[in-house]
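Colleague:
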Ligand SMILES: Nc1ncnc2c1ncn2[C@@H]1O[C@H](COP(=O)(O)OP(=O)(O)OP(=O)(O)O)[C@@H](O)[C@H]1O
Ligand SMILES: [Mg+2]
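Residue numbers (this note's numbering): 1 to 165.
1. Keeping to the same chain, check which residues put their C-beta closer than 6 Å to that of residue 160; ignore five residues upstream and five downstream.
2. How long is the line joining the alpha carbons of residue 15 and residue 66, rounded to whole angstroms?
3. With a Cβ-Cβ cutoff of 8 Å, do residue 122 and residue 99 count as a contact?
4. Go ahead and pull the three-state DSSP assignment for residue 56.
5. Out of 44, 86, 49, 50, point me to the one whose CA is closest to residue 63's CA.
6. Provide the residue(s) that pair with residue 116 in DSSP beta bridges, ordered along the chain.
7. Rounded to whole angstroms, what's the CA-CA distance from residue 79 to residue 90? Just pull it up for me.
8. For the alpha helix (DSSP H) containing residue 27, name the first residue and the last one.
9. Go ahead and label residue 148 buried or exposed: buried means 16 or more other beta carbons lie within 10 angstroms of its beta carbon, across all protein chains shown.
10. As a quick exercise: from 50, 158, 35, pick the residue whose alpha carbon is nearest that of residue 109.
11. Considering only their Cβ atoms, is the gap separating residue 53 from residue 23 smaller than 8 Å?
12. Kindly indicate which three-state DSSP category residue 122 falls into: helix, strand or coil?
13. Please list, following the chain, all residues that have a C-beta closer than 7 Å to any non-hydrogen atom of ligand 2.
14. May I ask which residues mark the beginning and end of the beta strand (DSSP E) holding residue 141?
15. Residue 92 and residue 74 - do their beta-carbons sit closer together than 8 Å?
16. Looking at the secondary structure, which residues open and close the beta strand (DSSP E) in which residue 132 lies?
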């Protein structure tokens, strides 16, 4: 049996986002690094701006119209011509078994992009994310921090467009 090497966070960037528009603009800019197979973890307290960032990412990828929070349905799906994006919010789950029972396992695959809010509610169920995004309230705005946790995440981060709020 081979021993798995530990995941090492290899690089990171952080920015101050003064208002909601800046959060969405950051998401739009970062959509350039999205590719099939990526899994992104979005952490941060209630109302930190996770869905706002996803809204920007999705609009940047070409999703038109409203981007709703998946807090109640747990999942919103977006089918683009060359990519399917799954936006999860696990805040309301009671046990990770609910995710297995819902058939979510197969949605995490090489052809989809999975964006996960509240991953800490399903830590034991989730595979390790490629990119970790954290948002925190800071003064009237938000501080956003992104880091890579896999070699693929590291490649994406290296090509991440620098964002100026
Ligand atoms: N940079 C920012 N500065 C100030 N307000 C912001 C910023 N980014 C987002 N917001 C606002 O914060 C509020 C919550 O945003 P959002 O719903 O995206 O948070 P969330 O982290 O997804 O919350 P939840 O944990 O409930 O899912 C919204 O009113 C949004 O406009
Ligand atoms: Mg949200």
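Glycine residues also receive a C-beta, built at the ideal position from the N, C-alpha and C atoms.
Modeller: Judging by the given coordinates:
1. Excluding residues within five positions, the ones whose Cβ falls inside 6 Å are 33.
2. Residue 15 and residue 66: Cα-Cα distance of roughly 26 Å.
3. Taking the C-beta atoms as reference points, residue 99 is found nearer than 8 Å to residue 122.
4. Assignment of residue 56 by DSSP, reduced to helix, strand and coil, places it in the helix class.
5. The shortest Cα separation from residue 63 among 44, 86, 49, 50 belongs to 86.
6. According to DSSP, which records beta bridges pairwise, residue 116 is partnered with 41, 88.
7. Each residue's Cα considered, the two are about 21 Å apart.
8. Annotation: the continuous alpha helix (DSSP H) that includes residue 27 extends over 20-30.
9. If you draw a 10 Å sphere on the C-beta of residue 148, you find 16 or more other C-beta atoms in it, and that means buried.
10. The shortest CA-to-CA distance from residue 109 to any of 50, 158, 35 is the one to 35.
11. With contacts defined by Cβ atoms closer than 8 Å, residue 23 and residue 53 form a contacting pair.
12. Here residue 122 carries a helix assignment [DSSP, helix/strand/coil].
13. Output, sorted by chain position: 50, 51, 69, 71, 89, 117.
14. Per DSSP, residue 141 is one residue of the beta strand (DSSP E) stretching across 141-148.
15. Residue 74 places its beta carbon less than 8 Å from that of residue 92.
16. Segment 131-138, the beta strand (DSSP E) holding residue 132.
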